[in-house]
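This report refers to the structure that appears directly beneath it.
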Amino acid sequence: MAQTSLQKIFSGYLKNGNLFLSKDPLSPSYDPSTITHRDSQMEVVASILAPCLRNEKPSNTFVYGKTGTGKTLCVRHVVGELAKTAAENSVQIKAVFINCKMKKIADTEYRVLAQLCKEFGYNVPATGLPTNRLYEIFYESLDSQKQNVLLVLDEIDALVSKGGDNILYNLTRINQDLAQAKLTLIGVTNDLSFSENLDPRVKSSLNEEEIMFPPYNALELRDILSERARMSFVAGSVKEGVIQKCAALAAQEHGDARRALDLLRVAGEIAERNGEQHLDESHVDKAQEKINVDRILETVRTQPRQSQAILWAAVTNEAATTTGQMYERYKEVCKKRGLETLGPRRASDLMSELGMLGILSVRTTSKGRHGRTKQISLMVSKHTQEGIKEMLKKDFYFE
DNA sequence: AGTCCACAGGAAGGGCAGGCGA
DNA sequence: TCGCCTGCCCTTCCTGTGGACT
3 MAQTSLQKIF
13 SGYLKNGNLF
23 LSKDPLSPSY
33 DPSTITHRDS
43 QMEVVASILA
53 PCLRNEKPSN
63 TFVYGKTGTG
73 KTLCVRHVVG
83 ELAKTAAENS
93 VQIKAVFINC
103 KMKKIADTEY
113 RVLAQLCKEF
123 GYNVPATGLP
133 TNRLYEIFYE
143 SLDSQKQNVL
153 LVLDEIDALV
163 SKGGDNILYN
173 LTRINQDLAQ
183 AKLTLIGVTN
193 DLSFSENLDP
203 RVKSSLNEEE
213 IMFPPYNALE
223 LRDILSERAR
233 MSFVAGSVKE
243 GVIQKCAALA
253 AQEHGDARRA
263 LDLLRVAGEI
273 AERNGEQHLD
283 ESHVDKAQEK
293 INVDRILETV
303 RTQPRQSQAI
313 LWAAVTNEAA
323 TTTGQMYERY
333 KEVCKKRGLE
343 TLGPRRASDL
353 MSELGMLGIL
363 SVRTTSKGRH
373 GRTKQISLMV
383 SKHTQEGIKE
393 MLKKDFYFE
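Using our numbering, you'd call the opening residue of the first sequence number 3 and step up by one each time.
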């Protein structure tokens with residue numbers, strides 16, 4: 003690209019970039035000074051954790067709620083305020099946040115313990131030490147001074163599904179061996195049936211308190227969006243109806259505030275890129291389409307090569323087909339692309355998985371004399387199909 | 001009612017990669 | 001570093017299934 007056209011884009015961006023004041027309030031990691039429509043949940047969290055201020059141990063707590071219902075935000079906020087009050091009153095509180103979904107960092111017993119040791123100033127090797135030794139190091143560092151430690155395990159379901167509930171059992175029993183410190187666990191999860199599969203002993207000690215975060219409704223989402231929009235956009239640039247539309251669309255998706263904020267941000271980016279001074283409902287439509295396409299493309303991008311081959315067989319032959327026909331097409335694709343071909347049993351499973359992801363429509367039907375099979379067709383819009391085709395061709399060399 | 005098709009999908013086990021622990 | 005363990009992906013083998021056809 004010529005130097006001058008790049009400069010044109012940059013100077014145009016500077017000139018037209020007067021729609022946003024700041025994108026930060028629309029980002030999922032933004033911590034607002036007040037959290038809208040979560041007062042009662044925050045009060046419950048605060049009252050559970052308050053005993054810390056008198057050097058007593060609060061109850062272990064479980065926080066449930068679907069994606070984008072403000073669980074992590076509220077817990078962080080309350081713990082932050084608690085730490086402030088504690089500092090003002092010279093009470094020793096330490097809060098540790100661990101996201102158990104962080105691959106290769108905190109998704110196994112060993113890794114979580116290694117993270118904890120690190121939090122207390124002990125660097126342990128990423129692998130090699132017996133887990134028992136890690137527990138010892140953690141116990142020692144934890145108990146080295148009189149303090150109340152709040153351990154927030156975000157996405158705790160990921161840890162248990164991968165590494166079992168051994169670590170939770172040990173952590174909930176730890177207070178018996180501590181002389182000075184006290185440890186309180188706060189588990190956060192969007193898996194509503196999470197505790198059902200836990201060891202009963204872990205369940206009873208971890209579930210001393212339970213807080214449920216219900217999904218936001220459209221009105222609540224509207225309030226949240228209005229507030230964030232006021233901070234993010236230039237006054238008067240967001241036309242009427244935009245906020246309502248974003249709220250309504252996100253309310254349909256189980257009240258996910260993150261999704262609503264995403265919609266508003268992407269709509270703003272689209273308007274800004276077009277050099278427009280106002281944000282209207284048509285930008286929200288485009289944002290919705292873009293987010294949907296991006297989500298599907300991202301899903302496709304991260305699929306194993308064999309699933310991509312099946313998908314390529316589907317997007318290049320759009321008519322509905324059966325498992326057997328699809329398998330034949332898939333074999334041809336593999337041959338052309340130089341991939342190894344999976345057996346029909348495994349391929350059938352991959353087709354079902356693509357169905358679960360909402361990319362293929364997979365329906366089991368019986369054709370009587372002609373057998374029982376799955377009817378398979380594409381479930382995504384023409385536009386998305388083209389996007390998938392383009393990406394598989396460009397990034398993964400399908401042809 | 002019995003047959004038959006074209007699979008569906010469960011169970012068992014092999015191979016492999018990566019993590020754990022000494 | 002190396003053997004053991006575990007989880008995952010995959011194959012093989014098998015039984016089960018809905019409905020058109022006989």
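Positions of the beta carbon are idealized from the N, C-alpha and C atoms, including for glycine.
Per-residue DSSP class, three states only, for residue i
i       : result
Gly-82  : helix
Val-236 : coil
Asn-101 : strand
Asp-145 : coil
Asp-33  : coil
Met-3   : Below a pLDDT of 50, predicted positions are generally treated as unreliable, and Met-3, at 48, falls in that range; no measurement from the model is reported.
Met-214 : strand
Thr-323 : strand
Phe-398 : helix
Gln-305 : coil
Gly-189 : strand
Phe-122 : coil
Val-204 : helix
Thr-435 : Since the first residue of the chain shown is 3 and the last is 401, residue 435 is not available in this structure.
Asn-150 : strand
Val-382 : coil
Lys-376 : strand
Ser-49  : helix
Same chain only: Cβ atoms within 6 Å of residue i, ignoring 5 sequence neighbours per side
i       : result
His-285 : Ala-269, Ile-272, Ala-273
Asn-150 : Cys-54, Ile-95, Lys-184
Thr-386 : Val-295, Ile-298
Cys-336 : Ala-311, Thr-343
Val-80  : Met-44, Val-47, Ala-48
Gly-67  : Lys-73, Phe-215
Buried or exposed (CB count within 10 angstroms, at least 16 for buried), residue i
i       : result
His-372 : exposed
Gln-254 : exposed
Thr-36  : exposed
Arg-307 : exposed
Lys-86  : exposed
Pro-30  : exposed
Gln-279 : exposed
Gln-9   : exposed
Val-236 : exposed
Asp-41  : exposed
Asp-167 : buried
Asp-159 : buried
Asp-258 : buried
Lys-384 : exposed
Glu-111 : buried
Ser-239 : buried
Glu-399 : The sequence shown places Tyr at residue 399, not Glu. Label assigned to Tyr-399: exposed.
Met-358 : exposed
Arg-348 : exposed
Leu-194 : exposed
Proximity below 9 Å, CB of residue i to CB of residue j
i       : j       : result
Ile-312 : Tyr-332 : yes
Ala-231 : Leu-266 : yes
Leu-21  : Leu-281 : yes
Ile-100 : Leu-155 : yes
Ser-234 : Leu-23  : yes
Ile-188 : Val-302 : no
Val-190 : Glu-157 : yes
Gln-305 : Leu-341 : no
Phe-122 : Val-162 : no
Leu-152 : Thr-186 : yes
Ile-293 : Arg-261 : yes
Gly-243 : Glu-291 : no
Thr-71  : Asn-192 : yes
Pro-346 : Thr-318 : no
Ser-368 : Thr-323 : no
Tyr-329 : Ser-350 : yes
Sequence-distant residues of its chain with Cβ nearer than 7 Å to residue i (five each side left out)
i       : result
Ile-50  : Pro-60, Ser-61, Thr-63, Glu-211
Asp-145 : Leu-180, Ala-181, Gln-182, Ala-183
Met-381 : Gly-360, Ile-361, Leu-362, Ser-363
Arg-2   : The question about residue 2 has no answer here: the residues shown for the chain are numbered 3 through 401.
Ala-289 : Leu-265, Val-268, Ala-269, Ile-272
Beta-carbon contacts of residue i that lie in its chain and below 8 Å, excluding the five residues immediately before and after
i       : result
Tyr-141 : Ile-176, Asp-179, Leu-180
Gly-389 : Val-295, Ile-298, Leu-299
Tyr-137 : Leu-115, Asn-172
Lys-338 : Glu-401
Ile-169 : Glu-111, Val-114, Leu-115, Leu-161
**Request:** Would you check if the region 388-401 and the region 305-321 touch, i.e. whether three or more CB-CB distances between them fall below 8 Å?
**Result:** yes
**Asked** On the three-pair Cβ rule with 8 Å, is the region 112-127 touching the region 72-92?
**Response** no
**Asked** How do the region 204-222 and the region 244-261 stand: do at least 3 beta-carbon pairs fall below 8 Å, yes or no?
**Response** yes
**Message:** Does the contact criterion of 3 or more C-beta pairs under 8 Å hold for the region 19-35 versus the region 227-241?
**Reply:** yes
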